[in-house]
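Peer 1:
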Amino acid sequence: MDCNYMLIKGRVGNFEVKTTEKGKKFTKMSVACNEKFQNQDTKAWSETTSWIPVVIWGDGWANHLESKGCGKGALVRVEGKFNTQSWEDKNNPGKKLYMSQCIGDNVRVLEPANSTAINANPATQTQPSDSGFSAPPA
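Sequential numbering of the sequence shown, starting at 8, is according to the numbering used here.
1) With a threshold of 16 other CB atoms inside 10 Å of the CB of residue 51, please say whether the residue is buried or exposed.
2) By the 10 Å Cβ neighbour count, where 16 or more other Cβ atoms means buried, how is residue 101 classified, buried or exposed?
3) Cutting at 6 Å between CB atoms, please list the residues of its own chain near residue 55, excluding the five before and the five after it.
4) Measure the C-alpha to C-alpha separation of residue 34 and residue 48 and round it to an integer number of angstroms.
5) Output yes or no for whether 8 Å exceeds the beta carbon distance between residue 65 and residue 13.
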């Protein structure tokens, strides 16, 4: 059995709610996932950041995320599926362009964007009061 499943936890970069030409709302955001690693030769620690584009479809999600304080700097957990789109470059006919992204179908704001705890020591932070995932309001 095949499985297309992504789980992302990180800080929101760009965040915007858009509407298609047909009036369907969707949310676009980028999520920064940091990874620390140790150089095997020098033993020095380094950190790298991967920016993952995320798209969440639906009016309910757009309203829900905004009401929970989702925006630049918010800590989020996104569940979804991996998706790659392709199209022909308008400036170079015959050249195909590709974009990979997460199509989110479940999002939880773990820490709002305006939280004062963003720069605090993670060891002293408390867990969010609401537990589990819930569907967005209709």
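C-beta atoms are modelled at their ideal positions from N, C-alpha and C, and glycine is treated no differently. Since this is a predicted model, take the numbers as computed values, not measurements.
Peer 2: By the coordinates alone:
1) exposed
2) exposed
3) In the same chain as residue 55, and ignoring 5 residues on each side of it, the C-beta atoms closer than 6 Å to its own belong to 42, in chain order.
4) 43 Å
5) no
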